[in-house]
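Engineer: I have a structure here, written as structure tokens, and I will follow up with some questions on it.
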Ligand code: BGC
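Residue numbers (my numbering): 14 to 470.
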């Protein structure tokens, strides 16, 4: 399966690019597209409870030797982060509840932690920021990991029990939910590519994980709808563009749809429709009387970063194309290419739940954002076309990037050694884009090559 996202990057291919805004200098209306940022519990909170990631990081697997403590220390500094988001006038925020914090021991739920999340999200809404809450974003309690994590079908009822407890605490505050973040990335990185915990397992484990995650998503979707009044529920699907490395090579051409199907197609039928083909197989963790009823998503939530040049089952990039600090190709057109067909197929709006780039020099982040947003604006301008309602930039504050640790910067807000926050040009640019409701020539002029730390108009 293609899509080696964390860990093994081809550093030799890295070619920094100042991705400039490459559209005409005209007003490009966003047509109601709202912009905010995304984050995940383990990557920002610090003060963690034992999880798959605390154990993995303690074993010395992280590029810069860091652990999920303190990351950005958001668990203590959450109010400051909420204030900053309000100051930047972001109308939406993707945030995450961390299972290992909520249920540190089997069946023992930490009511204080749940109350803290409730306080944080109530505070967000009071500031006019709508939270979209992720229930599983790569982290889970260590006791569960020891029982086989997502390869063990017993995790499914335990996940639903956890969701029920989260709903007891947050159900009257939050209406928008992501059940599971990037099942395909989680399964392949954890069990096939070995770059995230537990780092071993093989294809059978990938399959079991995806089956159980699908069973968990489908039932959590039903549960959230049964308990809440008209929520928006979805899962965050990681999509890349796959293209033959060499179009003249028949092996590359033949492999491309196969890799694409194995990495993302197989997930789509199962998660959106509850339909399991022979490749994935029906999960044992799905009740025998489960029959799919319609579509199990209320928005097409897409995490989009890059394009893969297919020549085998591992990642490769097209030579000579612009790349970010991690060697991922910058391919803005892909954001529309991967999301529009799904939105058309299911008649649902698109929410970009992640899009961002590793840019430690802060020289191309603004251009990257503008180019991707312009592609989305173009979709919104098509008559009778798909609707792109939300764009959550990954991420708010530079955070703990899993295997990369704190070394790679994706944020629109930076950190100094004391973990004090400073807004980067991109942070102000998102504010100005929301204000204008359009990509304007002024915004492009001001930001596309903004020097690091230089702009606060
Ligand atoms: C994940 C994020 C991660 C980002 C950048 C996505 O796959 O959902 O947690 O930090 O990529 O690496």
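Note that CB positions come from ideal geometry on N, CA and C, so glycine has one too.
A quick note: this is a predicted structure, and the numbers were derived from the prediction, not measured.
If distances are taken between C-alpha atoms only, which option among 174, 95 and 124 comes closest to residue 142?
Structural biologist: Sequence index remark: in the chain shown, residue 142 carries index 129 (1-based). Comparing Cα-Cα distances from residue 142 to each of 174, 95 and 124, the minimum goes to 95.
Engineer: My guess is that residue 324 and residue 258 are in contact by the Cβ rule of under 8 Å, so how many angstroms apart are they, rounded?
Structural biologist: Here residue 324 refers to the residue found at position 311 when the chain shown is read from its first residue. Here residue 258 refers to the residue found at position 245 when the chain shown is read from its first residue. Residue 324 to residue 258, Cβ: 4 Å. Contact.
Engineer: Please confirm if the stretch 332 to 348 is in contact with the stretch 367 to 386, defined as three or more CB-CB distances below 8 Å between the two stretches.
Structural biologist: yes
Engineer: My guess is that residue 226 and residue 163 are in contact by the Cβ rule of under 8 Å, so how many angstroms apart are they, rounded?
Structural biologist: Start at 1 with the first residue of the chain shown, and residue 226 comes out as number 213. Start at 1 with the first residue of the chain shown, and residue 163 comes out as number 150. At roughly 6 Å, the Cβ-Cβ gap stays under 8 Å, so residue 226 and residue 163 are in contact.
Engineer: If I follow the unbroken beta strand (DSSP E) through residue 109, where does it start and stop?
Structural biologist: Here the question's residue 109 lines up with position 96 in the chain shown. It spans 105 to 109 - the beta strand (DSSP E) in which residue 109 sits, taken as one unbroken run.
Engineer: If I measure Cβ to Cβ from residue 296 and keep anything under 8 Å in the same chain, skipping five residues before and after, which residues do I get?
Structural biologist: Within the chain shown, the letter at position 283 stands for residue 296. So the qualifying residues of the chain are 166, 169, 224, 225, 227, 228 and 289.
Engineer: Roughly how far, in whole angstroms, is the beta-carbon of residue 402 from the beta-carbon of residue 363, given that I think they are within contact range, below 8 Å?
Structural biologist: Within the chain shown, numbered from 1, the residue matching residue 402 stands at position 389. Within the chain shown, numbered from 1, the residue matching residue 363 stands at position 350. About 7 Å; that satisfies the 8 Å criterion.
Engineer: Threshold first: 3 residues or longer. Then list the beta strand (DSSP E) segments lying entirely within the stretch 242 to 308, N to C.
Structural biologist: Segments of the beta strand (DSSP E) lying fully in the stretch 242 to 308: 245 to 257.
Engineer: Taking one C-beta from the stretch 73 to 80 and one from the stretch 170 to 180 each time, how about it: are there three or more such pairs within less than 8 Å?
Structural biologist: Inter-segment contact for the stretch 73 to 80 and the stretch 170 to 180 is absent: fewer than three beta-carbon pairs are separated by less than 8 Å.
Engineer: Give me, in chain order, the residues of the same chain whose beta-carbon lies closer than 6 Å to that of residue 427; leave out the 5 immediate sequence neighbours on both sides.
Structural biologist: Position 414 of the chain shown, counted from the first residue, corresponds to residue 427. Excluding positions up to five away in sequence, the list reads 411, 435 and 437.
Engineer: What does the alpha-carbon distance come out to for the pair residue 392 and residue 209?
Structural biologist: Along the chain shown, read from residue 1 onward, the residue named residue 392 stands at position 379. Along the chain shown, read from residue 1 onward, the residue named residue 209 stands at position 196. Using only the alpha carbons, I get a separation of about 35 Å.
Engineer: Does the pairing of the stretch 129 to 141 with the stretch 183 to 201 give three or more beta-carbon distances under 8 Å?
Structural biologist: yes
Engineer: Using beta-carbon positions only, say whether residue 158 and residue 65 come within less than 8 Å of one another.
Structural biologist: Start at 1 with the first residue of the chain shown, and residue 158 comes out as number 145. Start at 1 with the first residue of the chain shown, and residue 65 comes out as number 52. Yes, these two residues count as a Cβ contact at 8 Å.
Engineer: Short of 8 Å in beta carbon distance, which residues of its chain neighbour residue 448, apart from the five on each side in sequence? Order them along the chain.
Structural biologist: On the chain shown, residue 448 is found 435 positions in, with the first residue counted as 1. If we look at residue 448 and ignore the five residues flanking it on each side, its Cβ neighbours are 102.
Engineer: Count the other C-beta atoms from every protein chain shown that fall within 10 angstroms of the C-beta of residue 17, then say buried if there are 16 or more, exposed otherwise.
Structural biologist: As a working mapping, residue 17 is identified with position 4 in the chain shown. Any answer about residue 17 is weak, because its pLDDT of 48 lies below 50 and its placement is not dependable; what the coordinates show is given next. Around the CB of residue 17, 16 or more other CB atoms lie within 10 Å, so the residue is classed as buried.
Engineer: If distances are taken between C-alpha atoms only, which option among 358, 355, 357 and 386 comes closest to residue 369?
Structural biologist: Within the chain shown, residue 369 is the residue found at index 356, counting from 1. Comparing Cα positions, the closest option is 386.
Engineer: Of all the beta strand (DSSP E) runs that stay within the bounds of the stretch 180 to 220, which reach a length of 3 or more residues?
Structural biologist: 189 to 194
Engineer: Using beta-carbon positions only, say whether residue 309 and residue 251 come within less than 8 Å of one another.
Structural biologist: The residue you call residue 309 lines up with position 296 of the chain shown. The residue you call residue 251 lines up with position 238 of the chain shown. No.
Engineer: Could you name the residues that DSSP lists as bridge partners for residue 42?
Structural biologist: Here residue 42 refers to the residue found at position 29 when the chain shown is read from its first residue. DSSP, once it has assigned bridges, lists 451 as partnering residue 42.
Engineer: Do residue 115 and residue 126 count as a contact pair if the criterion is CB distance below 8 Å?
Structural biologist: Counting from 1 along the chain shown, the entry for residue 126 is found at position 113. Counting from 1 along the chain shown, the entry for residue 115 is found at position 102. Yes; because the gap between Cβ atoms is below 8 Å, this pair is in contact.
Engineer: At which residue ranges does the stretch 351 to 409 contain complete beta strand (DSSP E) runs of 3 or more residues, listed in the order of the chain?
Structural biologist: 363 to 367 and 401 to 407
Engineer: Name the DSSP bridge partner or partners of residue 428?
Structural biologist: Stepping through the chain shown from its first residue, residue 428 is reached at position 415. DSSP output for residue 428 lists 434 as bridge partner(s).
Engineer: With residue 143 as the anchor, note down where its beta strand (DSSP E) starts and where it stops.
Structural biologist: Locating residue 143 in the chain shown gives position 130, where the first residue counts as 1. Run containing residue 143: 143 to 149, per the beta strand (DSSP E) assignment.
Engineer: Cβ of residue 265 within 8 Å of Cβ of residue 193?
Structural biologist: Residue 265 sits at position 252 when you count from the first residue of the chain shown. Residue 193 sits at position 180 when you count from the first residue of the chain shown. No, the Cβ-Cβ distance between residue 265 and residue 193 is not below 8 Å.
Engineer: Cβ atoms of residue 112 and residue 146: under 8 Å apart, would you say?
Structural biologist: For this step, residue 146 is matched to residue 133 along the chain shown. For this step, residue 112 is matched to residue 99 along the chain shown. Taking 8 Å as the Cβ cut-off, residue 146 and residue 112 do not qualify as a contacting pair.
Engineer: If you check the beta carbons only, do residue 284 and residue 331 fall under 8 Å apart?
Structural biologist: As a position in the chain shown, residue 284 is number 271, starting the count at 1. As a position in the chain shown, residue 331 is number 318, starting the count at 1. With contacts defined by Cβ atoms closer than 8 Å, residue 284 and residue 331 do not form a contacting pair.
Engineer: Can you tell me the Cα-Cα spacing of residue 256 and residue 346, whole angstroms?
Structural biologist: Within the chain shown, residue 256 is the residue found at index 243, counting from 1. Within the chain shown, residue 346 is the residue found at index 333, counting from 1. Taking the straight line from one Cα to the other gives about 13 Å.
Engineer: Would you check if the distance between the CB atom of residue 52 and the CB atom of residue 409 is smaller than 8 Å?
Structural biologist: Position 39 of the chain shown, counting from 1, holds the residue named residue 52. Position 396 of the chain shown, counting from 1, holds the residue named residue 409. For residue 52 and residue 409, yes; Cβs fall inside 8 Å.
Engineer: Take residue 280 as the anchor and find which of 443, 219, 328 and 299 has the nearest alpha-carbon.
Structural biologist: Indexing the chain shown from 1 puts residue 280 at position 267. Per the Cα distances, 219.
Engineer: Give a single yes or no on whether residue 108 has its beta carbon closer than 7 Å to a heavy atom of the ligand BGC.
Structural biologist: On the chain shown, position 95 is the one that residue 108 refers to. No, Cβ of residue 108 sits at least 7 Å from all heavy atoms of the ligand BGC.
Engineer: When DSSP labels each residue in this structure, what does residue 72 get in the three-state scheme?
Structural biologist: Start at 1 with the first residue of the chain shown, and residue 72 comes out as number 59. Residue 72 falls in the coil class under three-state DSSP.
Engineer: Under the DSSP definition of a beta bridge, which residues are partnered with residue 8?
Structural biologist: An answer regarding residue 8 cannot be provided, because it is not within the stretch 14 to 470 covered by the chain.
Engineer: Any heavy atom of the ligand BGC closer than 7 Å to the Cβ of residue 87?
Structural biologist: Residue 87 sits at position 74 when you count from the first residue of the chain shown. Residue 87: no, Cβ never under 7 Å from the ligand BGC.
Engineer: Using a Cβ-Cβ cut-off of 6 Å (strictly less than) and excluding sequence neighbours within five positions of residue 460, which residues of its own chain qualify?
Structural biologist: Here the question's residue 460 lines up with position 447 in the chain shown. A distance below 6 Å between beta-carbons, with the five flanking residues on each side excluded, links residue 460 to the following residues of its chain, in chain order: 379, 438 and 442.
Engineer: Could you give the residue range of the beta strand (DSSP E) that holds residue 49?
Structural biologist: The residue labelled residue 49 in the question sits at position 36 within the chain shown. Membership of residue 49 in the beta strand (DSSP E) is indicated by the continuous run 47 to 51.
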